[in-house]
Amino acid sequence: MSQEFSLFARMGKDLQASVLQELTFELKVSRVMTPGPYTLSSQHLMDDVKNVMRERRFSGIPVVDAGELVGIVSVQDLMRAFEEQALDAPIKRFMTSKEHLIIAMADEPVFEALKRLEQTRVGRLLVLNAEHQLVGMLTKGDIMVGLLRALEDAFSREEEQRRQQHPRRFFEALVSDETSLLMRYRIHANDFASGGKASAQIKQALLQMGAAPQLARRVAIATYEAEINLIIHTTDGGYLVAEIRPERITVVAHDTGPGIPNVELARRAGYSTASPLAREMGFGAGMGLVNIDRCTDELNIWTAVGVGTRVEMVFNVTEDGAKAGK
Amino acid sequence: MILRDVVAQLGLQVLAGEDALDQEVTGGYIADLLSCVMAGAQPGQLWFTLQTHLNIVAVASLVGAAGIVITEDAPVAPETVKRAEAEGVVLLLSAEPTFETVVKLARLL
Chain A
26 MSQEFSLFAR MGKDLQASVL QELTFELKVS RVMTPGPYTL SSQHLMDDVK NVMRERRFSG
86 IPVVDAGELV GIVSVQDLMR AFEEQALDAP IKRFMTSKEH LIIAMADEPV FEALKRLEQT
146 RVGRLLVLNA EHQLVGMLTK GDIMVGLLRA LEDAFSREEE QRRQQHPRRF FEALVSDETS
206 LLMRYRIHAN DFASGGKASA QIKQALLQMG AAPQLARRVA IATYEAEINL IIHTTDGGYL
266 VAEIRPERIT VVAHDTGPGI PNVELARRAG YSTASPLARE MGFGAGMGLV NIDRCTDELN
326 IWTAVGVGTR VEMVFNVTED GAKAGK
Chain B
360 MILRDVVAQL GLQVLAGEDA LDQEVTGGYI ADLLSCVMAG AQPGQLWFTL QTHLNIVAVA
420 SLVGAAGIVI TEDAPVAPET VKRAEAEGVV LLLSAEPTFE TVVKLARLL
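Chains as they are written, first to last, in the working numbering: chain A, 26 to 351; chain B, 360 to 468.
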């Protein structure tokens, strides 16, 4: 029941009307018809028709002689037989014969069959295959059920697609021994105007993937400091590379110089080598590495004067985003 | 307290982020050193500063500040306003010095 409900609930909201139309074009009659109909021969009696209709609640029975469709006998025909008190007459006398039958081909679109049902106002179409053998019957009810089924299929396909697109499930959909997402940014020296752009984008990505806000914030703050360091302190800028794994995030800032002469000193709060311009802008508080240390679970700095610096910041993914072990 | 009410009570000028004034203000943070703000400012706080360059927008956005209040009618570059507008960061201007502005906020909270 709930499945039906959700199907209908969604029909109005997510589906455009054209989807239904498209489906009636795409669906073939053979997909929605009731196959293998019950048949009688033209030599059967109208009394047989009465019995079959009463027992099986049919309102029309195709008449087939030696494998070939020759007509159909309906409730109206049966009523005529009653009126004429001719239940012992063969079907042949009352049936609608072949040339007056309204038929549908198994391989034509439901749209065409539906149009024919509307125009002729008959209750059912007899469905023939390419060899003109009777293969099924088609009523509006069949079409409705068939369309609903097709809609359901379309929805579950769409749902599946949506599931795979959802960032939270992103990693679940990718199978490898170790899957990660890499985000790489080129940071230019002295490009103060772009400062924080990479950090903001990494933060955004993390939030979209379902990271706890506190984790996204920790990563953003540490990454921002590293990003600003690349802008303020490097000769030629550098790269920020964020590797996002389901259980761990690593952000590496690397550059090609000038390198840090004394890392111990650089990590001390308040110590800064920032230019007067940078200080005027509020940078160079001597808090960069201190902030990074505070936000990371692991901080590794490799540096050599004249060669460059590589700052590796590791964040463990925790449920609430708080620093692991604190 | 809602930011829109703070803006009205303190007589602040809204330079950017008119659409984001319906958020809750939880407190304030005062510093002109960006790293201090990164370290100390908490989401939902108003950041009071005399810095007016582009980067303050990124800092406010990264820490999730309710907004930036630039005090003493310090001239703000059009690029900063534009960036704030683009990032949806609330940028406010106070005619009074930081102390007077903050005292008023403190009485409201």
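Note that CB positions come from ideal geometry on N, CA and C, so glycine has one too. These numbers were taken from a predicted model, which means no experiment stands behind them.
Residue burial classification, residue i (beta-carbon count within 10 angstroms, cutoff 16)
i      : result
A:K228 : buried
B:A417 : buried
B:L413 : buried
A:S181 : exposed
A:F107 : exposed
A:N316 : buried
A:S122 : exposed
A:Q144 : exposed
B:T385 : exposed
Bridge partners - residue i, DSSP secondary structure assignment
i      : result
B:F407 : B:I389, B:V428
A:D90  : A:E93
A:T275 : A:E268, A:V339
A:G284 : DSSP output for A:G284 lists no bridge partner at all.
A:I168 : Its beta-bridge partners do not exist; DSSP assigns none.
B:P402 : DSSP, once it has assigned bridges, lists no residue as partnering B:P402.
A:E109 : Paired residues: none, contrary to the question.
A:T334 : A:T328
B:E383 : B:I361
Coil, strand or helix - residue i by DSSP
i      : result
A:I269 : strand
A:Y249 : helix
A:R304 : helix
A:S83  : Correcting the residue type first, residue 83 of chain A is Phe in the shown sequence and not Ser. It is coil, neither helix nor strand.
A:K228 : helix
B:Q372 : strand
A:T259 : coil
A:A329 : strand
A:P192 : Confidence is the limiting factor: at A:P192 the pLDDT is only 48, short of 50, which leaves the residue's position unreliable, though a coordinate-based value still follows. It is helical.
A:L40  : Model confidence at A:L40 stands at a pLDDT of 46, short of 50, so the residue's coordinates are unreliable and nothing is read from them.
A:M208 : strand
A:K348 : coil
A:M312 : coil
A:V98  : strand
A:V160 : strand
A:P60  : strand
A:P238 : helix
A:E47  : helix
A:E203 : coil
B:L467 : helix
A:L52  : coil
Cβ of residue i within 9 Å of any chain D Cβ
i      : result
B:S453 : Among the chains of the structure shown, chain D does not appear; the protein chains present are A and B.
- May I ask you to list, following chain order, the residues of the stretch 242 to 263 of chain A that have a beta carbon less than 8 Å from some beta carbon of chain B? Correct list: R242, A245, I246, Y249, E250, I253.
- Task: Compile a chain-ordered list of the residues in the stretch 316 to 346 of chain A whose CB is closer than 8 Å to at least one CB of chain B.
- Result: Residues N316, R319.
- Looking at chain A, which residues of the stretch 423 to 452 of chain B have a Cβ within less than 9 Å of any of its Cβ atoms? Of all residues in the stretch 423 to 452 of chain B, G423, E438, R442, E446 have a Cβ within less than 9 Å of some Cβ in chain A.
- Message: Report the start-end ranges of each alpha helix (DSSP H) in the stretch 117 to 151 of chain A that is 4 residues or longer and not cut off at the edges.
- Response: Every alpha helix (DSSP H) stretch that sits fully inside the stretch 117 to 151 of chain A and reaches 4 residues is listed by chain position as 135 to 145.
- What are the uninterrupted segments assigned as alpha helix (DSSP H) that are 4 or more residues long and contained completely in the stretch 414 to 465 of chain B, given in chain order? Correct list: 414 to 422, 437 to 446.
- Output, in sequence order along the chain, the residues in the stretch 217 to 229 of chain A whose CB is closer than 9 Å to any CB in chain B. Taken in chain order, the members of the stretch 217 to 229 of chain A whose beta-carbon sits within less than 9 Å of a beta-carbon on chain B are F217, A218, S219, G220, G221, K222, S224, A225, K228.
- Anything in the stretch 386 to 404 of chain B with a Cβ closer than 9 Å to a Cβ of chain A? List those residues in chain order, please. Within the stretch 386 to 404 of chain B, contact with chain A at the beta-carbon level (separation under 9 Å) is assigned to A390, D391, L392, L393, S394, C395, V396, M397, A398, P402.
- Identify each residue in the stretch 145 to 162 of chain A for which the Cβ-Cβ distance to at least one residue of chain B is less than 7 Å, and report them in chain order. Taken residue by residue, none of the stretch 145 to 162 of chain A has a beta-carbon sitting less than 7 Å from a beta-carbon on chain B.
- Name, going along the chain, the residues of the stretch 293 to 317 of chain A whose beta-carbon falls closer than 7 Å to a beta-carbon of chain B. For the stretch 293 to 317 of chain A, the beta-carbon criterion of a distance under 7 Å to any beta-carbon of chain B is satisfied by M306, G307, F308, A310, M312, G313, N316.
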